[in-house]
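These notes concern the structure reproduced below.
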Amino acid sequence: MKLSNSKIVDMYKTMIRIRKFETQAMNLFAQGSIPGFVHLYLGEEAVATGVCENLKDDDYITSTHRGHGHIVAKGGDLKYMMAELYGKETGYCKGKGGSMHIADATKGILGANGIVGAGHNIAVGAGLSIQYRETDQVCVCFFGDASTNQGTFHEALNLASVWKLPVVFVCENNLYGISVNQSRHQAIKDISDRAVAYNMPGITVDGNDVFAVYEATNEAIKRARDKKGPTLIECKTYRHRGHFEGDPGAYKPEKEQNEWLKKDPIPRIEKYMIDKKIVTNNKLEDLKKEVDKEINEAVEFANNSSYPSLESVVEDIYTDIKEEVRVR
Amino acid sequence: MKLSNSKIVDMYKTMIRIRKFETQAMNLFAQGSIPGFVHLYLGEEAVATGVCENLKDDDYITSTHRGHGHIVAKGGDLKYMMAELYGKETGYCKGKGGSMHIADATKGILGANGIVGAGHNIAVGAGLSIQYRETDQVCVCFFGDASTNQGTFHEALNLASVWKLPVVFVCENNLYGISVNQSRHQAIKDISDRAVAYNMPGITVDGNDVFAVYEATNEAIKRARDKKGPTLIECKTYRHRGHFEGDPGAYKPEKEQNEWLKKDPIPRIEKYMIDKKIVTNNKLEDLKKEVDKEINEAVEFANNSSYPSLESVVEDIYTDIKEEVRVR
Amino acid sequence: MKMMTYAEAIREGMRIKMQKDPNVFIFGEDVGAFGGCFGVTAGLFDEFGEKRVRDTPISEGAIIGSAIGSAATGLRPIAELMFIDFLTVGMDQLVNQAAKLRYMFGGKITLPMVVRMPGGAGVQAAAQHSQSLEAWITHVPGLKVVYPSTPQDALGLMLGAIEDDNPVMFIEHKLLYSVKGEVENEKPIPLGVADIKKEGKDVTVIATGKMVHDALKASELLLKDGIDVEVIDPRSLYPLDKETIFKSLQKTNKVVVVTEENKRGGYGGEISAMISEDYFDYLDAPVVRIGALDTPIPFSPTLESYVIPNETDIVNAIKELI
Amino acid sequence: MKMMTYAEAIREGMRIKMQKDPNVFIFGEDVGAFGGCFGVTAGLFDEFGEKRVRDTPISEGAIIGSAIGSAATGLRPIAELMFIDFLTVGMDQLVNQAAKLRYMFGGKITLPMVVRMPGGAGVQAAAQHSQSLEAWITHVPGLKVVYPSTPQDALGLMLGAIEDDNPVMFIEHKLLYSVKGEVENEKPIPLGVADIKKEGKDVTVIATGKMVHDALKASELLLKDGIDVEVIDPRSLYPLDKETIFKSLQKTNKVVVVTEENKRGGYGGEISAMISEDYFDYLDAPVVRIGALDTPIPFSPTLESYVIPNETDIVNAIKELI
Ligand SMILES: Cc1ncc(C[n+]2csc(CCOP(=O)(O)OP(=O)(O)O)c2C)c(N)n1
Ligand SMILES: Cc1ncc(C[n+]2csc(CCOP(=O)(O)OP(=O)(O)O)c2C)c(N)n1
Ligand SMILES: [Mg+2]
Ligand SMILES: [Mg+2]
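Protein chains in written order, with this note's numbering: chain A, 18 to 345; chain B, 18 to 345; chain C, 852 to 1173; chain D, 852 to 1173.
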């Protein structure tokens, strides 16, 4: 598949936007500005980027606890994201959701989700809706390797396949569910093997190769838009950090880590772009600076925003009822 | 596999014990002696029989809402079964369980179950226990085709395979989940295909051929006892009746029904035994009479038993606490 | 004015909305040509076709998840759980997703979805098919919960539930399906409005679901003893119409709450605690709760009917109270 | 006498039983070498090995199911759910299986199993990782439910829970894990025995989990105003020690119930309703419940701490009551 240079540069930019957003979040968490649980996407940038490059604004995604990368790639605004991580009223969720619950309906982002496996069936519902409304949208469902042992994975893929729903299931196999290596949470190597159980195509790609991810998804999405049903795509990748910030990741053997660091998707695309003369080193630096600026603005925005008003706590539960803040 | 004549006769006898027990239950339900929901095993006798013929008393099974056949085959006592269907105090569950909840711990019967898919994980727990206690027992998990779309199926097979537990999963594919044909509840034809997702052997056999079922299970059980892990066996069969008594089964095409009636496992094994001169026609009649007698005794036992005392209603919730029967 | 069964009224509510709004549709196990395990959707498949009346695989999580995903993206799904007991299988999708997404997302999505679920005992379906689980779901912020007791309420509440822009849990009682009643109008009943099923001045009975009928029977029996019972059916468990309860209490100063749930931890306790807390000075006597015994529902007919409350229990409780 | 944290005490309880009984073992997500998400099982993997301290895949249904199946066949499993919020995922196995099998089978099987589950808010983990779900499980006949508030109780209740022959739900509060306290003995605490954390004569506060500590703080503040509060920790939510509550009530004639749950439909309501029903004549004032606001738990620190009750709420409620 031939990609235009500008598309390649776009993809690169998305990748470094994720990389730099996450690096900043890591630092801000360490210094205490961001509370709660933060699961970083560092190392997995090629997956969200390669997938979402295929999507239109009105296509849907469902995301996970490790959702920042998906949201950036699907067009989320870094300012509102960062403000949400801080718990500020200007955040995507008015401070009510935090890192694990960012959503943006205007961009088709049906939300990060703190329950492992919960996005699968919501994605199926969005797929059902697309089919029902007869549009040519598609829904991509992101999830981790370990989530494929949750019953919801099975129910979702079964329903999507028997109803031929326009859903693309993208598994980010980063080898671990928290501390548990894939070899100890399932008896298979390639999660794409599970597609057989639903009579749908299952593909495994190098998840650190943004072009491979792009291509595989492109085909799956075409299939979905053509009403041919769902596809399961497994992207083999690796997370650079611990499961969440604060986890030193002692269970990851050093050798394994080093090998995967060599496969870091970002130097890889950079080298490709330089080798193929798609960009110059100077252009790369400019792009990075641009992104740095955006990130700094996002942090500033978050810093300057207020915490939500206490009254707001009883809003947004229902469309119509505001809970009383009565004697508890 | 060479089976002794006496074993074949034993299997036949189990099959007609089920057939006649179920036929009697059908009549008793129709005339109002048995309340609640009754799901009959008529037509599927070869499955439970072929499987359980391989089991010892201390092996376990988990069963389903359509459990009578499994319980008979695993050595359940017809008297206590029938009394339970009536809701009498002499029943297996003292009248507290009914058709859907018969259990007999002394025979390793971990219970019929009214929740579709609930037995899967209980079976895995029994398998874990066997492995932990280092005995050579095995646990067989029975379930229907439609239950394989429940998340629990997936979680159970995954866990059993990654831990190599001595569990044999036996799917009774009778083509329907209530009114929904398999083609409308999953996109696959052979449920044994799902074994691939767990890297375990998956086998499909003619579920109306008791010898085929026996043989496949025999191998799987050997594997399990040899600590080589679980197997998924799919038995293709058909239920003669509606989903439960009272369901006329209008969704089953007449042609389909007729074809399957031709494959009825009971005339089939009878013909085999006669052809191979394993039994004479007279012997067959004797066997049937013997079973008729047993069934009549079971009905009489149930009829003559009392309903449970009202005080007993608060017993058996906990081992130690008896609920107060206080002002409600 | 028409005579209708409760089941027909529920169906009629769905049908009216489906005719008006192409985004309303139904799915669940065997709800299609089969018409549902209790026949509630019978005929709708023929009228609206497979697209709008869909059989699902047995995957309650996927059923509720499909409702969430489709509601979030512009549709108004009605999902059926064959028995309320199967809530347990889809509980995460309901409680951690449907109820919370709007809040967690800062109000950015709207989930107009109805989940129908038949509850209650009385058909010897035993412990896993006879529960009354309203306490769990009324405890969850983000869900609304309704529970009709008559055909008129079933129709009106179904219209109200489908119009509502929030996840509405629609509890039905399987023993009421065949109960007939007059249906005077096809107007939606707004969620949060109780109905006084019988006016009275001596004692207030707050009852839900099938217990409304037992309370009415009890009130007739008590009339003979000169006791005039007021029977209130909240109809909507959340939001709860506290005003109607309060008004009645001001008159009677005595309350009995009757639900079919296991008494311990039931929704009846919430009503009781709320009344004590907010209207203590109006109480001449303790709020009495009547519920099922704290056992799983037994199979045997004699045991089952012993566990479930009935009009005699209500009569006795009221006599003791007065 | 030793100083121990609450987490250490839970661990110590498990360790003691594992040393004595080879049939006691642990499994759950990341409970092995990783030591559990909150570090509660740290070190047990090294001590007892992989067979007895097992990591599972992320399959809560299978975790609880494995506990059931192994308990039914002779073992004494301790299963960990990483957060109580994940109950929703394994709810059927817990409620329709673990709680009901013994009853449905007429007492023919015994399920000695413990399910550990950290609950509660306070670490900005937001709506899906901060819930207090005791109301659901106390409502279910067949389950026992304990909820320690101190290291001593955590150790004693863990021993009691493992010895118990029934499914015991062991709720832990994640904010208490690092709280230290003296552990005087290693005796099992029988389920169903409350503890008076502070004697007093003016008002009874019944509090659970972390709220016990807030109640104790409130009682100190109130002492300055001459109000002498008695603080009761039921420790075991079911079975509930009604006697201790009744005795206190006879003395104080006033009760405040404090739980961290969403107030609507919470277990606090059950206690309140029970007290009104059984001890109405001893009440000088309504039973006051204090609970969280009826919202999903918000993420933002300011909102989160606003939603959860604290000592000031308790002080205010008591002042108003007296
Ligand atoms: C139902 C449920 N169980 C457990 C957890 C705790 N938990 C959060 S993330 C996680 C691991 C997920 O692994 P994977 O799906 O591979 O995603 P990754 O974190 O590797 O991206 C676990 C166990 C949860 N949030 N929800
Ligand atoms: C969780 C759950 N969902 C739905 C049901 C209702 N139900 C009972 S049996 C059944 C069909 C089961 O089909 P299958 O697994 O193929 O078994 P079969 O009845 O064909 O033997 C359904 C939907 C149930 N009991 N439990
Ligand atoms: Mg992973
Ligand atoms: Mg079937």
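Ideal Cβ placement from N, Cα and C applies to all residues, glycine included. Computed from a prediction, not measured in an experiment: that's the story for all the values here.
6 angstroms CB neighbourhood of residue i in its chain, flanking five on each side removed
i               : result
residue 994(C)  : 950, 988, 1018 and 1020
residue 937(C)  : 911
residue 1001(C) : 1032
residue 215(A)  : 174, 175 and 178
residue 258(B)  : 57 and 59
residue 855(C)  : 1002 and 1034
residue 82(A)   : 56, 117 and 131
residue 863(D)  : 1006
residue 219(B)  : 209, 212 and 249
Beta carbon proximity, residue i to chain A, threshold 8 angstroms
i               : result
residue 938(C)  : no
residue 1016(C) : yes
residue 947(C)  : yes
Within-8 angstroms CB hit, residue i to chain C
i               : result
residue 51(A)   : no
residue 221(A)  : no
residue 1043(D) : no
residue 334(B)  : yes
residue 287(B)  : no
Residues near residue i in its chain [Cβ-Cβ closer than 7 angstroms; skip 5 each side]
i               : result
residue 1092(C) : 1043, 1044, 1045 and 1085
residue 9(B)    : Nothing about residue 9(B) can be reported from this structure: the residues present for chain B run from 18 to 345 only.
residue 1144(C) : 1158
residue 889(C)  : 858, 969, 1025 and 1028
Min CB distance residue i to chain D below 8 angstroms
i               : result
residue 1131(C) : yes
residue 46(A)   : no
residue 62(B)   : no
residue 100(B)  : no
Beta-carbon contacts of residue i that lie in its chain and below 8 angstroms, excluding the five residues immediately before and after
i             : result
residue 89(A) : 31, 34, 35, 38, 65, 95 and 98
Cross-strand partners of residue i (DSSP beta bridge)
i               : result
residue 1056(C) : 1082(C) and 1107(C)
residue 156(B)  : 77(B) and 184(B)
residue 876(D)  : 928(D)
residue 967(C)  : 931(C) and 1021(C)
residue 905(D)  : 878(D)
residue 1143(D) : 1113(D)
residue 1118(C) : Note: residue 1118(C) sits in no beta bridge, so no partner.
residue 252(A)  : 189(A) and 222(A)
residue 955(C)  : Note: residue 955(C) sits in no beta bridge, so no partner.
Nearest-angstrom Cα separation, counted from residue j out to residue i
i               : j               : result
residue 77(B)   : residue 127(B)  : 7 angstroms
residue 277(A)  : residue 190(A)  : 13 angstroms
residue 1153(C) : residue 305(B)  : 35 angstroms
residue 255(A)  : residue 1110(D) : 42 angstroms
residue 249(B)  : residue 185(B)  : 6 angstroms
residue 60(B)   : residue 226(B)  : 11 angstroms
residue 275(A)  : residue 229(A)  : 22 angstroms
residue 138(A)  : residue 159(A)  : 11 angstroms
residue 165(B)  : residue 157(B)  : 15 angstroms
residue 310(B)  : residue 104(B)  : 22 angstroms
residue 1080(C) : residue 1087(C) : 21 angstroms
Contact with chain G by residue i, beta-carbon distance below 8 angstroms
i              : result
residue 143(A) : Considering every chain present, this structure includes no chain G. Its protein chains are A, B, C and D.
How would the residue list near ligand 3 read, in chain order, if you kept each one whose beta-carbon is closer than 6 angstroms to any heavy atom?
-> 161(A), 162(A), 163(A), 191(A), 193(A) and 194(A)
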